[in-house]
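Trainee: When we follow the numbering used here, the leftmost residue of the sequence shown carries the number 155, and every step to the right adds one.
Glycine included, every Cβ here is placed at the ideal spot set by N, Cα and C.
On a predicted model such as this, the values are computed, not experimentally measured, just so you know.
My structure is below; once you've seen it, I'll send some questions.
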Amino acid sequence: MDLGREYPVDQIRLLPVEPDNFEILGLKSFPRAWTLELAKDPAFTEISWRFQMPKTNLVGYPGRCAVVIPSFGHRGRYLRLTTQELWGRADRIGFALAELQAYSGDENVAGGKVVTASDVAADADPAEWSPACLVDGFTSRHRLVELPEYLDLIDKRGRLEAESQFLTQHKAGILDQASRVLIVGGVTFGTVLVFGWAWLLVRQRTVRQRAVTELRDQIARDLHDDIGSNLGGIVLLSEIGSRHSSDPRTRADFSAIKEAADETSASMRDIVWLIQRGNTGLRDLVTKMRQSTQAILGDKEISLVVEPPGFRDRQLSLLFRRHVFFAFKETLNNVRRHAAATSVEVRITIGPRHLDFSVRDNGAGFDLQPAVEPGHGLGNLMRRASRLHGNCQLESRPGQGTLVLFKAPMKSRSR
Numbered sequence: 155m156d157l158g159r160e161y162p163v164d165q166i167r168l169l170p171v172e173p174d175n176f177e178i179l180g181l182k183s184f185p186r187a188w189t190l191e192l193a194k195d196p197a198f199t200e201i202s203w204r205f206q207m208p209k210t211n212l213v214g215y216p217g218r219c220a221v222v223i224p225s226f227g228h229r230g231r232y233l234r235l236t237t238q239e240l241w242g243r244a245d246r247i248g249f250a251l252a253e254l255q256a257y258s259g260d261e262n263v264a265g266g267k268v269v270t271a272s273d274v275a276a277d278a279d280p281a282e283w284s285p286a287c288l289v290d291g292f293t294s295r296h297r298l299v300e301l302p303e304y305l306d307l308i309d310k311r312g313r314l315e316a317e318s319q320f321l322t323q324h325k326a327g328i329l330d331q332a333s334r335v336l337i338v339g340g341v342t343f344g345t346v347l348v349f350g351w352a353w354l355l356v357r358q359r360t361v362r363q364r365a366v367t368e369l370r371d372q373i374a375r376d377l378h379d380d381i382g383s384n385l386g387g388i389v390l391l392s393e394i395g396s397r398h399s400s401d402p403r404t405r406a407d408f409s410a411i412k413e414a415a416d417e418t419s420a421s422m423r424d425i426v427w428l429i430q431r432g433n434t435g436l437r438d439l440v441t442k443m444r445q446s447t448q449a450i451l452g453d454k455e456i457s458l459v460v461e462p463p464g465f466r467d468r469q470l471s472l473l474f475r476r477h478v479f480f481a482f483k484e485t486l487n488n489v490r491r492h493a494a495a496t497s498v499e500v501r502i503t504i505g506p507r508h509l510d511f512s513v514r515d516n517g518a519g520f521d522l523q524p525a526v527e528p529g530h531g532l533g534n535l536m537r538r539a540s541r542l543h544g545n546c547q548l549e550s551r552p553g554q555g556t557l558v559l560f561k562a563p564m565k566s567r568s569r
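This is how it looks when you write it as structure tokens:
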């Protein structure tokens, strides 16, 4: 990237993409190793700053969180990102990035600048995936908003809420007057007003439900954008601090901070996904289960099968999605933490009225007796299945791996 002239660069931000197609998960993952360099000449013979991320899964799946790299005011005109060991599946191996920003003070000096790439996907739409799109001010879904504009939007929302409150009070006064007219007007006129009153109540309930839904979406976006970005920065700074510290205890503290921020960020993304409106059907649940499998078991040999592949989408309740998804994640986490397995077979089966998943590993296994260690979380799986009027079965022997089979009816009345 050519910034046009030399700037003191304080911060560089990498914004990941959010593709809708769950069959190309790898393209929204960051490479295992990558390097950022700032130079004063296009040949990069005079490099003023370099940041090198070693081979790590730290930001393998950053989700919607920006990766923020402080560059501490080093000066330069040319910015270069070099990647190694890209993620992918089969012949779909690559790296897609939504936006690359360079901040000098509070200004993004990379906006609209000249960008070149050593290689561009031949089948990509140039209107959406050309190098110029890295600096167009958009993510893969939304326009980017800087802090002053964001504060203006918050102020505008406050004014609209005040206006809504005034209109609600005004409407209440009108309804009170209509009630007095009903008493004076007689039975016929009163009957008409009763029907009108009922219509207004239904309309008011619809408006309130829409307002609650919009507010819930706004809270989910703010939670993800603000807290998610901060957690991503904590993870990255903890990794840098751990790598540059010579004190073993300090490195251990940084590692604990990074692990806690990673787990909190993942849990927050799952909670945001659960509460957001729209696209809350069966297909999105299966997509989320696919993503979690790769994210949790990324270092193991994974076989994931969905039957049938072309299943029909349908709407699911929040309670069903919550219990099935968290039971699935808990099963995968048990494999990662306790099984010491090298390969895992995951199968998701969708029937007309039920959803089943099974997870089989070749790990250490355990004895299915009442004395099973509580750390396996087996009781939670049983309780979640019971809440959905389903069941959870386990098969395991020491040294012979474990099989977990979770069955849940999709149209049952959940407690």
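So within the region 275–325, which uninterrupted alpha helix (DSSP H) runs reach at least 4 residues, ignoring any that extend past its ends?
Mentor: Here the runs fully enclosed are 280–283.
Trainee: Might you give, ordered along the chain, the residues of its own chain that have their beta carbon closer than 8 angstroms to the beta carbon of residue 223, omitting 5 neighbours on each side?
Mentor: For the purposes of this step, residue 223 is taken as residue 69 along the sequence shown, with counting starting at 1. These residues qualify, in order along the chain: 165, 166, 167, 168, 190, 205 and 390.
Trainee: Kindly indicate the opening and closing residues of the alpha helix (DSSP H) around residue 487.
Mentor: Taking the first residue of the sequence shown as 1, we reach residue 487 at position 333. Residues 472–488.
Trainee: Check whether the Cβ atoms of residue 289 and residue 271 lie closer than 8 angstroms to each other.
Mentor: Indexing the sequence shown from 1 puts residue 289 at position 135. Indexing the sequence shown from 1 puts residue 271 at position 117. Cβ distance not < 8 angstroms, so residue 289 and residue 271 don't count as in contact.
Trainee: Buried or exposed: which applies to residue 316, given that a residue is buried once 16 or more other Cβ atoms fall within 10 Å of its Cβ?
Mentor: One-based indexing of the sequence shown puts residue 316 at position 162. Residue 316 comes out exposed.
Trainee: Does the beta-carbon distance from residue 517 to residue 481 come in below 8 angstroms?
Mentor: Counting from 1 along the sequence shown, the entry for residue 517 is found at position 363. Counting from 1 along the sequence shown, the entry for residue 481 is found at position 327. The answer is no: Cβ separation not under 8 angstroms.
Trainee: Use the C-beta contact count for residue 268: other C-beta atoms within 10 angstroms, 16 or more gives buried, fewer gives exposed.
Mentor: One-based indexing of the sequence shown puts residue 268 at position 114. Residue 268 is exposed by the Cβ-count criterion.
Trainee: Pull up the DSSP beta-bridge partners for residue 508, would you.
Mentor: Working through the sequence shown from its first residue, we reach residue 508 at position 354. Beta-bridge pairing links residue 508 to 563.
Trainee: In chain order, what residues of the same chain lie with their CB nearer than 7 angstroms to the CB of residue 458, ignoring the 5 residues before and after it?
Mentor: For the purposes of this step, residue 458 is identified with residue 304 of the sequence shown, where counting begins at 1. Excluding positions up to five away in sequence, the list reads 444, 447 and 500.
Trainee: Can you say whether residue 255 is buried or exposed, counting buried as having 16 or more other CB atoms within 10 angstroms of its CB?
Mentor: Here the question's residue 255 lines up with position 101 in the sequence shown. Label assigned to residue 255: buried.
Trainee: Can you give the Cα-Cα distance for residue 323 and residue 460, rounded to whole angstroms?
Mentor: Within the sequence shown, the letter at position 169 stands for residue 323. Within the sequence shown, the letter at position 306 stands for residue 460. Between residue 323 and residue 460, the C-alpha separation is close to 53 angstroms.
Trainee: Assuming residue 232 and residue 193 make a contact with CB atoms under 8 angstroms, what is their CB distance in whole Å?
Mentor: On the sequence shown, residue 232 is found 78 positions in, with the first residue counted as 1. On the sequence shown, residue 193 is found 39 positions in, with the first residue counted as 1. Yes, they are in contact, since the Cβ atoms of residue 232 and residue 193 sit about 5 angstroms apart, within 8 angstroms.
Trainee: Roughly how many angstroms separate the alpha carbons of residue 351 and residue 318, rounded to a whole number?
Mentor: Here residue 351 corresponds to residue number 197 of the sequence shown, with the count starting at 1. Here residue 318 corresponds to residue number 164 of the sequence shown, with the count starting at 1. C-alpha separation (whole angstroms): 20 angstroms.
Trainee: What does the alpha-carbon distance come out to for the pair residue 218 and residue 282?
Mentor: Here residue 218 refers to the residue found at position 64 when the sequence shown is read from its first residue. Here residue 282 refers to the residue found at position 128 when the sequence shown is read from its first residue. Distance between the alpha carbons of residue 218 and residue 282: 18 angstroms.
Trainee: In chain order, what residues of the same chain lie with their CB nearer than 6 angstroms to the CB of residue 538, ignoring the 5 residues before and after it?
Mentor: Working through the sequence shown from its first residue, we reach residue 538 at position 384. Cβ neighbours of residue 538 beyond the five flanking positions: 477 and 481.
Trainee: Report the three-state DSSP secondary structure of residue 534 (helix, strand or coil).
Mentor: Here residue 534 refers to the residue found at position 380 when the sequence shown is read from its first residue. In this structure, residue 534 counts as helix in the three-state DSSP scheme.
Trainee: Among the residues of its own chain, which have a CB less than 8 angstroms from the CB of residue 202, if the five just before and after it don't count?
Mentor: By one-based count along the sequence shown, residue 202 stands at place 48. Result list for residue 202: 192, 193, 194, 228, 229 and 230, in chain order.
Trainee: Let me check one thing: in DSSP terms, what residues is residue 196 bridge-paired to?
Mentor: Taking the first residue of the sequence shown as position 1, residue 196 is located at position 42. Paired residue(s): none; residue 196 is not in a bridge.
Trainee: Rounding to the nearest angstrom, what Cα-Cα distance links residue 97 and residue 511 in this structure?
Mentor: There is no way to answer for residue 97, as the model of the chain reaches only from 155 to 569.
Trainee: Is residue 183 helix, strand or coil by DSSP?
Mentor: Indexing the sequence shown from 1 puts residue 183 at position 29. Of the three classes helix, strand and coil, the one that applies to residue 183 here is coil, per DSSP.
Trainee: Where does residue 207 sit, in a helix, a strand or coil, going by DSSP?
Mentor: On the sequence shown, residue 207 is found 53 positions in, with the first residue counted as 1. Correct three-state label for residue 207: strand.
Trainee: Which word fits residue 305, buried or exposed, when buried means at least 16 other C-beta atoms lie within 10 angstroms of its C-beta?
Mentor: Stepping through the sequence shown from its first residue, residue 305 is reached at position 151. Counting Cβ neighbours within 10 Å, residue 305 comes out exposed, since fewer than 16 surround it.
Trainee: Just to check my reading of the structure: residue 454 and residue 498 have Cβ atoms closer than 8 angstroms, yes? What is that Cβ distance to the nearest angstrom?
Mentor: Taking the sequence shown and counting its residues from 1, the one referred to as residue 454 is at position 300. Taking the sequence shown and counting its residues from 1, the one referred to as residue 498 is at position 344. About 5 angstroms separates the two Cβ atoms, so the contact holds.
Trainee: Please list the terminal residues of the continuous alpha helix (DSSP H) segment that includes residue 440.
Mentor: Within the sequence shown, residue 440 is the residue found at index 286, counting from 1. Residue 440 -> alpha helix (DSSP H) spans 436–450.
Trainee: Applying the 10 Å Cβ sphere with the 16-neighbour rule, what's the burial state of residue 277?
Mentor: Within the sequence shown, residue 277 is the residue found at index 123, counting from 1. Classification of residue 277: exposed, given that the 10 Å Cβ count is below 16.
Trainee: Ordered along the chain, which non-local residues of its own chain (more than five positions away) have a Cβ less than 7 angstroms from that of residue 545?
Mentor: As a working note, residue 545 is residue 391 in the sequence shown. Same-chain partners within the cutoff: 539 and 561.
Trainee: Since residue 439 and residue 475 are thought to touch, with beta carbons under 8 angstroms apart, how far apart are those beta carbons, to the nearest angstrom?
Mentor: For the purposes of this step, residue 439 is taken as the residue at position 285 of the sequence shown. For the purposes of this step, residue 475 is taken as the residue at position 321 of the sequence shown. The pair is a contact, with the Cβ atoms about 5 angstroms apart (cut-off 8 angstroms).
Trainee: Cα separation between residue 245 and residue 551?
Mentor: To locate residue 245, count along the sequence shown from 1; it is residue 91. To locate residue 551, count along the sequence shown from 1; it is residue 397. For residue 245 and residue 551, the distance between alpha carbons rounds to 38 angstroms.
Trainee: For residue 258, report the span of its beta strand (DSSP E) as first-last.
Mentor: Indexing the sequence shown from 1 puts residue 258 at position 104. That run of the beta strand (DSSP E) goes 251–258.
Trainee: Helix, strand or coil for residue 265 per DSSP?
Mentor: Translated into positions along the sequence shown, residue 265 becomes position 111. Note: residue 265 maps to coil in three-state DSSP.
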